[in-house]
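Numbers 44 to 484, taken from the working numbering, label the letters of the sequence shown in order. Working notes for the structure below.
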Amino acid sequence: MAEYFWTLCRSPLCLALIASCIFRTLGDDLAFDRFQTLANAVAEEGFSINAHASIDLVGGSVMAGWGSPSMLELAASAECKSFTSSRPAQQAINYLWSGGINCNALVYLLTLFCPPLFLVFPGIIHFSESYAFGLDDSDWQMSDELPRTFFERLQRFYGCPRTKFCWSFLICLFFLVISSVTLLLPLQPENVGRLETAFMFLIGLRLVGSVLSLIAGFQWAWIQCLSASVALIYMLLRIWGTITFAYAYSMAVIVLMLFAMELLLYCYVSVVLGPKVTMIGQMTLQLIRFLPFFIIFLIAFGVTEQAVLFPDRTGFDANVLLAVFERPFYRLFGENAVDEATGKGAECTEPANSTACPQQNVFAVMSIGMYNIFTVVLLMNLLIAIFSQIFDSLQQDSTIAWQFKRYAIVRSFHQISAVPWPLGPFVQFFSFLHRFYQRRK
């Protein structure tokens with residue numbers, strides 16, 4: 044019945060996406076796939092007839108002027124991955140991402156750092172044909188004419204999500220470099236140097252900007268807030284004095300690792316690396332599900348080896364528990380420590396009858412061989428086979444999943460401030476206060 048009414052409507056693409064949203068909510072996968080296929084067929088048919096009009100239709104709102112969602116928003120809410128990976132949808136997302144700007148990377152970076160190039164060389168950046176749609180209501184009301192004046196070109200360039208992404212990427216890279224330099228240079232436990240003071244000040248600004256980005260709905264603001272929060276703990280421990288210097292140094296190392304993880308997220312935008320990052324995430328989930336097998340063997344062989352090597356040990360402490368997991372874990376990577384297992388460890392300086400020295404036991408050597416057979420040979424190769432199967436089965440699906448998530452990334456970068464850091468947090472803060480005041484009125 045729903046498909047019959049769909050054939051009678053005047054907006055088949057819109058109604059097909061709305062039906063997909065409804066059936067997705069109801070959990071009817073068969074009807075959802077059917078209407079998603081219909082929406083995809085309508086979009087592809089329109090693209091083959093008139094590409095420009097089809098892209099305008101897919102990127103535009105359902106009812107212009109009523110504040111209604113766009114076709115892409117409907118597809119994103121219904122998780123129509125097949126529709127968002129179609130040609131008109133990807134062309135619309137590309138336009139939203141770049142703002143219709145076409146140029147090579149070198150010219151883009153030069154213009155990014157030197158805006159007067161727009162005034163000196165008006166044709167340094169080519170603006171392709173425009174479409175009458177955007178990422179918010181003000182953009183939907185704009186004309187499809189190309190920007191002509193200096194300020195129009197400047198607004199189009201610095202307002203597009205691609206430029207905001209470049210700023211965010213460079214800022215993340217800057218913090219990664221400055222945190223690395225701070226850790227590599229000698230630090231004085233007694234006092235805080237100028238470099239550390241500057242680093243703390245910059246981290247404070249980043250924390251403010253991260254919180255505002257989180258309120259604005261930026262997709263990756265969570266890891267920015269996490270890194271800034273850990274950096275705040277580092278600052279408190281560092282200011283405390285020499286007693287907490289080692290803990291502060293450890294927090295700084297964690298901050299560096301979080302910056303590296305954030306930089307990895309920015310690779311998601313790349314056409315080449317984006318699907319691979321998606322695949323890595325799915326493989327990581329499979330690895331987490333596979334970990335119970337490893338934990339079972341780690342505990343079984345770790346406890347067995349600890350018991351037969353130190354049968355006379357009295358007492359129990361954290362070092363014993365660490366040794367139970369440490370020995371079998373490093374044997375996964377070829378560190379067998381046969382000398383210790385045979386009771387011939389050279390590091391034991393205690394008397395021969397001491398309970399701290401490993402005792403010679405044939406069963407310990409046998410347990411190492413059995414552990415290597417079951418884990419290093421069997422489980423590791425099984426895990427490699429699972430990863431190979433995932434890679435083969437998800438190679439195409441990861442591309443579709445990446446194309447589907449691109450729209451969410453574009454919207455996220457559209458919501459952050461166009462003013463580059465470190466001025467961005469201040470502008471974003473006053474903009475947030477202005478919006479809050481307007482809503483209260």
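Even for Gly, the Cβ is constructed at its ideal location relative to N, Cα and C.
#### Entry: Residues that DSSP places opposite H169 in a beta bridge
In the DSSP assignment, the residues bridged to H169 are N145.
### Query
Three-state secondary structure (DSSP) at S128?
Coil, per DSSP.
### Task
Using a threshold of 8 Å, state whether the C-beta atoms of C167 and V150 are closer than that.
It should be pointed out that residue 167 corresponds to Ile in this sequence rather than to Cys. In this structure, V150 lies closer than 8 Å to I167 by Cβ.
### Beta-carbon separation (whole angstroms), E88 vs S129, contact threshold 8 Å
Cβ-Cβ separation between E88 and S129: approximately 11 Å, too far for a contact (criterion under 8 Å).
### Query
If you draw a straight line from the C-alpha of F417 to the C-alpha of G345, how long is it?
For F417 and G345, the distance between alpha carbons rounds to 14 Å.
### Task
Figure out for me which residue from P131, A121, R53 and F200 has the closest Cα to the Cα of S141.
By alpha-carbon distance to S141, the top candidate from P131, A121, R53 and F200 is F200.
### Task
Measure from the alpha carbon of L250 to the alpha carbon of each residue in Q267, F242, R237 and P232, then state which is nearest.
Residue Q267 is the option with its Cα nearest to L250.
### Query
Thinking C-alpha only, which one of F126, S460 and A94 is nearest I61?
Looking at the Cα atoms, F126 is the closest of the given residues.
### Message
By the three-class DSSP mapping on this structure, what secondary structure does L476 have?
### Response
Looking at L476 - three-state DSSP - the assignment turns out to be helix.
### Same chain only: Cβ atoms within 6 Å of F244, ignoring 5 sequence neighbours per side
Excluding residues up to 5 positions away in sequence, nothing lies with its Cβ nearer than 6 Å to the Cβ of F244 in the same chain.
### Query
Where are the alpha helix (DSSP H) runs, 4 residues long or more, that stay fully inside the region 320–390, in chain order?
Note on the region 320–390: whole alpha helix (DSSP H) runs with a minimum of 4 residues are 361–374 and 381–384, in chain order.
### Query
Counting pairs of Cβ atoms below 8 Å between the region 328–345 and the region 443–452, do you hit three or more?
With fewer than three CB-CB distances shorter than 8 Å, the region 328–345 does not count as touching the region 443–452.
#### Entry: Where the alpha helix (DSSP H) containing T18 begins and where it ends
The structure shown does not extend to residue 18, since the chain is modelled only from 44 through 484, so no value can be given for it.
### Task
Put T442 into one of helix, strand or coil per three-state DSSP.
Residue state, collapsed to three classes: helix.
### Task
Classify T154 as buried or exposed, calling it buried when 16 or more other Cβ atoms lie within 10 Å of its own Cβ.
Around the C-beta of T154, 16 or more other C-beta atoms lie within 10 Å, and the residue is accordingly described as buried.
### Query
Skipping 5 residues on each side, what residues in its chain have a beta carbon closer than 8 Å to that of C215?
Result list for C215: F302, E305, L306 and Y309, in chain order.
### Message
Whether or not the region 247–264 and the region 226–233 are in contact is what I'm after, with contact meaning three or more pairs of Cβ atoms, one per stretch, closer than 8 Å; do they touch?
### Response
Counting Cβ pairs under 8 Å, fewer than three are found: no touch.
### Task
Measure the CB-CB distance between A132 and L115 and report whether it falls below 8 Å.
Yes. Within cutoff.
### Query
If you compare alpha carbons, which of W263, S441 and E348 is closest to Q402?
That would be E348, whose Cα lies nearest to the Cα of Q402.
### Query
Taking the alpha-carbon positions, what's the M185 to C123 distance?
Note on M185: pLDDT 47, under 50, position unreliable in the model; the coordinate value appears next. When rounded, the distance between both Cα atoms is 27 Å.
### Query
According to DSSP, is S460 helix, strand or coil?
Taken through DSSP and simplified to helix, strand or coil, S460 comes out as coil.
### Message
Would P371 and Y414 be called neighbours here (beta carbons separated by less than 8 Å)?
### Response
Taking 8 Å as the Cβ cut-off, P371 and Y414 qualify as a contacting pair.
#### Entry: Close beta carbons around K207, own chain, < 7 Å, minus the five adjacent residues each side
F456, I459 and A461.
### Message
Taking a contact to mean a Cβ-Cβ separation below 8 Å, would you say L299 touches L226 in this structure?
### Response
With respect to the 8 Å criterion, L299 and L226 are classified as neighbours on the basis of their beta carbons.
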